[in-house]
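Colleague:
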Amino acid sequence: MDTDRGSQPYCTQILGDLGAEIIKIEHPVRGDDTRAWGPPFAAYTDGRTGNGESAYYLAVNRNKKSLGLSFAQPEGIEIIQQLVRDCDVLVENYLPGSLKKYNLDYETISRINPRLIYTSITGYGQTGPYSNRPGFDVMVEAEFGLMHLTGTRDGPPVKVGVAVTDLTTGLYACNSIMAALLARANTGEGQHLDVCLSDCQVATLANMGQSVLISGTKDSGRWGTAHPSVVPYQGFKTADGDIFVGGANDRLFGILCDKIGKPEWKDDARFVTNNDRVTNRAELEPLLEAELVKRTTRRWQEVFEGSGLPYAAVNDIQGTMNHEHVQARGMVQTIDHPTCGPIKVISPPVKFSKAEPSIRSAPPLLGEHTDVLLRDVVGLSQERIEELKSKGVVA
Numbered sequence: 021m022d023t024d025r026g027s028q029p030y031c032t033q034i035l036g037d038l039g040a041e042i043i044k045i046e047h048p049v050r051g052d053d054t055r056a057w058g059p060p061f062a063a064y065t066d067g068r069t070g071n072g073e074s075a076y077y078l079a080v081n082r083n084k085k086s087l088g089l090s091f092a093q094p095e096g097i098e099i100i101q102q103l104v105r106d107c108d109v110l111v112e113n114y115l116p117g118s119l120k121k122y123n124l125d126y127e128t129i130s131r132i133n134p135r136l137i138y139t140s141i142t143g144y145g146q147t148g149p150y151s152n153r154p155g156f157d158v159m160v161e162a163e164f165g166l167m168h169l170t171g172t173r174d175g176p177p178v179k180v181g182v183a184v185t186d187l188t189t190g191l192y193a194c195n196s197i198m199a200a201l202l203a204r205a206n207t208g209e210g211q212h213l214d215v216c217l218s219d220c221q222v223a224t225l226a227n228m229g230q231s232v233l234i235s236g237t238k239d240s241g242r243w244g245t246a247h248p249s250v251v252p253y254q255g256f257k258t259a260d261g262d263i264f265v266g267g268a269n270d271r272l273f274g275i276l277c278d279k280i281g282k283p284e285w286k287d288d289a290r291f292v293t294n295n296d297r298v299t300n301r302a303e304l305e306p307l308l309e310a311e312l313v314k315r316t317t318r319r320w321q322e323v324f325e326g327s328g329l330p331y332a333a334v335n336d337i338q339g340t341m342n343h344e345h346v347q348a349r350g351m352v353q354t355i356d357h358p359t360c361g362p363i364k365v366i367s368p369p370v371k372f373s374k375a376e377p378s379i380r381s382a383p384p385l386l387g388e389h390t391d392v393l394l395r396d397v398v399g400l401s402q403e404r405i406e407e408l409k410s411k412g413v414v415a
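The sequence shown begins at 21 in this note's numbering and counts up by one.
1. Between E163 and V222, what straight-line distance do the alpha-carbon atoms span, to the nearest angstrom?
2. Which residues in the same chain have their Cβ closer than 8 angstroms to the Cβ of L110, if we skip the five residues on either side of it in sequence?
3. Would you mind stating whether S86 and L386 have Cβ atoms separated by less than 7 angstroms?
4. Can you list, in chain order, the residues of its chain whose CB lies under 7 angstroms from that of W243, leaving out five sequence neighbours each side?
5. What are the boundary residues of the alpha helix (DSSP H) that includes G96?
6. Tell me whether P362 sits in a helix, a strand or coil according to DSSP, three-state version.
7. Using the beta-carbon count (16 or more within 10 Å), is D356 buried or exposed?
8. If contacts are defined as beta-carbon pairs under 8 angstroms, then K364 and V352 qualify, I think. What distance do you get, rounded to the angstrom?
9. Going by DSSP in three states, A332 sits in which element: helix, strand or coil?
10. Can you give the Cα-Cα distance for V313 and R319, rounded to whole angstroms?
11. Would you kindly work out how many angstroms separate the C-alpha atoms of D125 and I132, rounded to a whole number?
12. Suppose only complete runs of 3+ residues qualify. What are the beta strand (DSSP E) ranges in the region 196-284, listed by chain order?
13. Within 10 angstroms of the Cβ of V251, are there 16 or more other Cβ atoms? Answer buried if so, exposed if not.
14. How should T258 be labelled, buried or exposed, when 16 other C-beta atoms within 10 angstroms of its C-beta is the threshold for buried?
15. Between H168, R50, G58 and I43, which lies nearest to E112 when the distance is taken from Cα to Cα?
16. Looking only at DSSP bridge pairs, what is L87 linked to?
17. Where G326 and G190 are concerned, what is the direct C-alpha to C-alpha distance, given to the nearest angstrom?
Now the structure itself:
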């Protein structure tokens with residue numbers, strides 16, 4: 021069960037891709053907030069009015085069933101409590117303690133279903149001095165180091181181009197849910213998972229965080245596309261765009277020198293070893309750019325191909341979606357949406373040798389599955405369902 025908010029839709033979409041049946045609980049009137057996060061919108065093709073379905077919503081809600089329900093009313097709370105009796109996992113994204121007044125907190129729900137994996141995804145966790153703060157991705161990026169590390173060398177801190185902390189938190193939550201399900205297979209018991217953006221952000225500082233812990237000094241700041249400890253390992257201007265080259269060791273640097281027509285740089289005392297190149301990066305980087313800017317990105321790709329040198333064109337998002345490798349790997353597919361017709365979406369990324377994660381259903385309309393879920397799972401009559409709709413409990 022997915023209670024609809026924040027970073028959790030990505031977590032539950034992954035579980036859905038892997039075969040889980042996901043019940044998405046949405047506000048019965050406005051639905052998931054991301055339904056309104058646009059433009060762009062996929063336009064309706066069935067004659068209805070309105071903006072259509074937002075690209076943001078479509079990105080993280082496939083393979084789910086939508087139940088429009090308000091738990092501000094006792095009947096709504098009762099329905100959720102009935103649903104969790106048959107659920108393996110509940111994922112919620114409310115401030116700690118917020119669900120207690122609705123009797124939907126872990127202590128109450130675990131008595132109804134002791135085998136339930138109750139997953140709380142918050143900005144700052146269930147404990148600690150910030151636990152009661154609301155927190156969005158960008159606030160956590162700022163507070164816990166990532167924004168400080170992102171941007172050009174002399175520029176201001178900037179946020180990452182996608183909500184990467186939301187996404188990594190969703191991934192951590194998904195992995196932890198599957199581990200908890202495996203543990204339950206041995207113990208028969210569910211548990212409460214406390215997953216938060218701030219913890220996951222700190223964890224994914226990785227080598228940059230570890231460097232500060234080891235050195236005991238401040239980090240070295242923003243490096244743009246460059247690397248603080250490896251040179252050259254960054255993007256450079258070309259005649260018509262940018263290309264990233266990875267001369268990550270002395271051999272690869274030598275290949276780069278040969279391919280750009282500067283073999284003498286391999287023996288230049290300033291550039292012989294990586295340590296030399298890091299020390300003298302202010303001299304080497306302009307020299308490299310002066311050569312790489314002479315040709316187009318495509319031409320440099322042709323020069324570097326097959327040489328063993330890691331390289332990559334710097335593409336925009338449209339270029340990425342149209343990329344020959346993305347297409348060959350099946351990472352974009354077309355699905356049928358009930359009101360927007362055929363739409364292109366990003367595919368599940370992992371390929372299994374004996375299974376195939378699939379898009380079994382398009383992101384649902386608000387309340388698309390309300391009747392069938394209340395009838396087949398909760399056991400309500402159609403008359404009772406219509407009564408609840410008239411009272412605004414469900415939609």
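For glycine and all other residues, C-beta sits at the position ideal for the given N, C-alpha and C. All figures in this text were calculated on a predicted structure; none of them were measured in a lab.
Modeller: Here's the rundown:
1. As a first step, residue 163 must be located in the sequence shown, where it is residue number 143. As a first step, residue 222 must be located in the sequence shown, where it is residue number 202. Between E163 and V222, the C-alpha separation is close to 10 angstroms.
2. Taking the sequence shown and counting its residues from 1, the one referred to as residue 110 is at position 90. Apart from sequence neighbours up to five positions away, the residues of its chain that approach L110 with a beta-carbon distance below 8 angstroms are M21, T23, V104, I129, L136, I137, Y138 and T139, ordered along the chain.
3. Here residue 86 corresponds to residue number 66 of the sequence shown, with the count starting at 1. Here residue 386 corresponds to residue number 366 of the sequence shown, with the count starting at 1. Yes. Within cutoff.
4. Indexing the sequence shown from 1 puts residue 243 at position 223. Counting only Cβ-Cβ distances below 7 angstroms, and skipping sequence neighbours, we find R173.
5. As a working note, residue 96 is residue 76 in the sequence shown. It spans P94 to V104 - the alpha helix (DSSP H) in which G96 sits, taken as one unbroken run.
6. Translated into the one-based positions of the sequence shown, residue 362 becomes position 342. Three-state DSSP puts P362 in a strand.
7. Taking the first residue of the sequence shown as 1, we reach residue 356 at position 336. Burial call: exposed.
8. Here residue 364 corresponds to residue number 344 of the sequence shown, with the count starting at 1. Here residue 352 corresponds to residue number 332 of the sequence shown, with the count starting at 1. Going by Cβ atoms, the distance from K364 to V352 rounds to 6 angstroms, so yes, they are a contact pair.
9. Position 312 of the sequence shown, counted from the start, is the residue given in the question as residue 332. Secondary structure of A332 (DSSP, three-state): strand.
10. The residue labelled residue 313 in the question sits at position 293 within the sequence shown. The residue labelled residue 319 in the question sits at position 299 within the sequence shown. The alpha-carbon separation between V313 and R319 amounts to approximately 11 angstroms.
11. On the sequence shown, residue 125 is found 105 positions in, with the first residue counted as 1. On the sequence shown, residue 132 is found 112 positions in, with the first residue counted as 1. The straight-line gap from Cα to Cα measures roughly 11 angstroms.
12. For the region 196-284, whole beta strand (DSSP E) runs of length 3 or above, ordered along the chain, are 211-216, 253-257 and 262-266.
13. By 1-based counting over the sequence shown, the position of residue 251 is 231. Buried, since its Cβ has 16 or more Cβ neighbours within 10 Å.
14. Translated into positions along the sequence shown, residue 258 becomes position 238. It is buried - the Cβ of T258 has at least 16 other Cβ atoms within 10 Å.
15. The sequence position of residue 112 within the sequence shown is 92, counting from 1. Looking at H168, R50, G58 and I43, the one whose alpha-carbon comes closest to that of E112 is I43.
16. Residue numbering aside, residue 87 sits at position 67 when the sequence shown is read from its first letter. Paired residue(s): I45.
17. Indexing the sequence shown from 1 puts residue 326 at position 306. Indexing the sequence shown from 1 puts residue 190 at position 170. The alpha-carbon atoms of G326 and G190 are separated by roughly 37 angstroms.
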